[in-house]
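Structure first, then comments.
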Amino acid sequence: MAWFRRVLVLTLAMPFVTSLTSVAAAAPRTIEGTVITAAGRWTADGSRIVTDATVRTATGDVVVSQLGGTADGLTMRSFPGPEPLLAGMQVAVAAHDDTDLSLGKHVVVDHLRVLAMPEGFVRTGPTKAGNSLFWESGCVFFVVDSDGTKELPGDTEFALVDQAVETWNTAGAACSYITLKKGAVASKEVGKDYTNVIKFRDASWCRPATKDDPARCYSDAAAGITTAVYVDDGGSSRDGAIVDADVEINGADFAISNQGVTLGTQPCKSDLLNTLTHELGHLHGLEHPCRAAGDPARVNDSGQPVPTCSQTTDPKIVDATMYNFQDCGETKKATLEPDDIAFLCKTYPKAEDPGTCAAVEPSQPGCCSASTEPLPALALAGMTGILLGCRRRRRAAR
Ligand SMILES: [Zn+2]
Numbered sequence: 002m003a004w005f006r007r008v009l010v011l012t013l014a015m016p017f018v019t020s021l022t023s024v025a026a027a028a029p030r031t032i033e034g035t036v037i038t039a040a041g042r043w044t045a046d047g048s049r050i051v052t053d054a055t056v057r058t059a060t061g062d063v064v065v066s067q068l069g070g071t072a073d074g075l076t077m078r079s080f081p082g083p084e085p086l087l088a089g090m091q092v093a094v095a096a097h098d099d100t101d102l103s104l105g106k107h108v109v110v111d112h113l114r115v116l117a118m119p120e121g122f123v124r125t126g127p128t129k130a131g132n133s134l135f136w137e138s139g140c141v142f143f144v145v146d147s148d149g150t151k152e153l154p155g156d157t158e159f160a161l162v163d164q165a166v167e168t169w170n171t172a173g174a175a176c177s178y179i180t181l182k183k184g185a186v187a188s189k190e191v192g193k194d195y196t197n198v199i200k201f202r203d204a205s206w207c208r209p210a211t212k213d214d215p216a217r218c219y220s221d222a223a224a225g226i227t228t229a230v231y232v233d234d235g236g237s238s239r240d241g242a243i244v245d246a247d248v249e250i251n252g253a254d255f256a257i258s259n260q261g262v263t264l265g266t267q268p269c270k271s272d273l274l275n276t277l278t279h280e281l282g283h284l285h286g287l288e289h290p291c292r293a294a295g296d297p298a299r300v301n302d303s304g305q306p307v308p309t310c311s312q313t314t315d316p317k318i319v320d321a322t323m324y325n326f327q328d329c330g331e332t333k334k335a336t337l338e339p340d341d342i343a344f345l346c347k348t349y350p351k352a353e354d355p356g357t358c359a360a361v362e363p364s365q366p367g368c369c370s371a372s373t374e375p376l377p378a379l380a381l382a383g384m385t386g387i388l389l390g391c392r393r394r395r396r397a398a399r
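Structure (structure tokens):
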């Protein structure tokens, strides 16, 4: 690399050397912005991996090409070499335009300055063996309970569910294979039945009693809750695989609202898009970015310790979609942030698409990436929803 740099210096010093005109014409330029996608691929001859990264700048998106990256489970990297481009990274890239032997055009990365690393996201888990939770199929199917909620006019809630799902599917479309798929609206109770449910609870913020178990009620400070059942067996290659996840929305202690509109009577509004976009993060396998009182120590995807919520004022955490708390009527969690997209890109990258799109059915061979094994031990985990700020219970010890 140093040799090429010297050539370039020579070129600039001797602009009249005609044999180097094409190199001299490829004037370097600086591209500054946030990397929104970065995907490695093999060149046609299989000799090298290059990473194509889309950088979102103030004036539009630019696709740059960097030598090295990850493809098909192999990483190629030069030492020393630039930091590999990652989705969510803020960068200033020095690059030049060049063509390949087939005259295809590329914006080639020369140097890279990292202005900010991607926000660290936190995954749910770990299992007893230390693995994070994940879906095995390329698609996560769910149904919306047909009762919906009476706190929104008409069938507004079903359209809002579609909107929140679309937010996640669109955000990951460029880099991730995972897709949420809505099935028919049906009358469904939550529970481990391999059907993922979104259920509104207008009357009682409890999982109802069964023949041999009483009602199980949740904290009335939680606007939503996601409960996952997952493989928790370190001896299984499926350790961490989610087999069922249900989302419940609290309309008993909150007035479920849409842009401030609600038919509910509780004084504190819980904006459905705000709450549901957050809960769908849990459904995908995302954990909160900071630890509430009583939460165990955790690390983010970069191995950095997750701070306690009481000790952070970092806007990247407190304004995050996956932040643990919301205020009455808040809507800022209805959009996704770079760390959420980085989670999709890294946890479910297109390069590792399992090529399946099926609901979880453990008795059905082929449904899951490693489903020939019998279903191992399962664990039930509640990913507590959101503590509300307006009810004098803000950050109440739990
Ligand atoms: Zn939550």
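Here the sequence shown is numbered in our numbering, starting from 2 and rising by one per residue.
Ideal placement from N, C-alpha and C gives every residue a C-beta, glycine not left out.
Just so it is clear, the structure is predicted and the values come from calculations on it, not from any experiment.
Tell me, to the nearest whole angstrom, how far the beta carbon of residue i is from that of residue j; I am working on the premise that it is less than 8 angstroms.
| i | j | result |
| --- | --- | --- |
| L345 | I179 | 6 angstroms |
| V162 | V144 | Not quite, the Cβ-Cβ distance comes to about 10 angstroms (not below 8 angstroms), so this is no contact. |
| A280 | G225 | Looking at the sequence shown, residue 280 is not Ala but Glu. Indeed, because the Cβ distance is near 5 angstroms, the residues count as touching under 8 angstroms. |
| I50 | G70 | 5 angstroms |
| G89 | P339 | 4 angstroms |
| T55 | T38 | 5 angstroms |
| A174 | A352 | So it is not a contact: roughly 15 angstroms between Cβ atoms. |
| H97 | A28 | 7 angstroms |
| A359 | C140 | 7 angstroms |
| Q327 | N275 | 6 angstroms |
| Q67 | P83 | 7 angstroms |
| C176 | P355 | In fact, because the Cβ distance is near 16 angstroms, the residues do not count as touching under 8 angstroms. |
| Y231 | A130 | No, Y231 and A130 are not in contact; Cβ-Cβ is about 12 angstroms, not under 8 angstroms. |
Report yes if the C-beta distance between residue i and residue j is below 7 angstroms; otherwise report no.
| i | j | result |
| --- | --- | --- |
| L113 | Q91 | no |
| P297 | I318 | no |
| V166 | D247 | no |
| I257 | E152 | yes |
| D233 | Y195 | no |
| D99 | V110 | no |
| L134 | I32 | no |
| L284 | T227 | yes |
| A253 | R202 | yes |
| N301 | G121 | yes |
| T128 | D240 | yes |
| E249 | K200 | yes |
| R292 | V123 | no |
| T52 | L75 | no |
| S147 | V186 | yes |
With 16 as the cutoff for other CB atoms within 10 Å, does residue i come out buried or exposed?
| i | result |
| --- | --- |
| L102 | exposed |
| G236 | exposed |
| L277 | buried |
| A229 | buried |
| K334 | buried |
| V262 | exposed |
| D315 | exposed |
| A40 | buried |
| K189 | buried |
| E362 | exposed |
| T309 | exposed |
| S271 | buried |
| G295 | exposed |
| S138 | buried |
| D46 | exposed |
| L273 | buried |
| T19 | Confidence at T19 is low in this model, with a pLDDT of 37, below 50, so the placement of that residue should be treated as unreliable; the coordinate-derived value is given next. T19 should be labelled exposed. |
For the beta strand (DSSP E) that contains residue i, what are its first and last residues?
| i | result |
| --- | --- |
| V62 | The displayed chain sequence assigns Asp, not Val, to residue 62. D62 -> beta strand (DSSP E) spans 61-68. |
| C269 | First-last for C269: undefined, no H or E at that position. |
| G34 | 30-43 |
| T55 | 50-58 |
| A229 | 225-232 |
| N197 | 197-202 |
| H289 | Counting along the chain, H289 falls outside any beta strand (DSSP E), and DSSP gives it neither H nor E. |
| I179 | It is not in any beta strand (DSSP E) - I179 carries neither H nor E in the DSSP assignment. |
| N301 | Segment: none, N301 is in no beta strand (DSSP E) and carries neither H nor E. |
| D247 | 243-251 |
| V108 | 106-117 |
| A256 | 256-258 |
| M77 | 75-77 |
Let's see if you can read the secondary structure: which residues bound the alpha helix (DSSP H) around residue i?
| i | result |
| --- | --- |
| G173 | 157-173 |
| V319 | 316-319 |
| C140 | First-last for C140: 140-145, but that is the beta strand (DSSP E), not the alpha helix (DSSP H). |
| D340 | 339-348 |
| T211 | Counting along the chain, T211 falls outside any alpha helix (DSSP H), and DSSP gives it neither H nor E. |
| H97 | Premise fails: H97 lies in the beta strand (DSSP E), 91-100, not in any alpha helix (DSSP H). |
| N275 | 273-285 |
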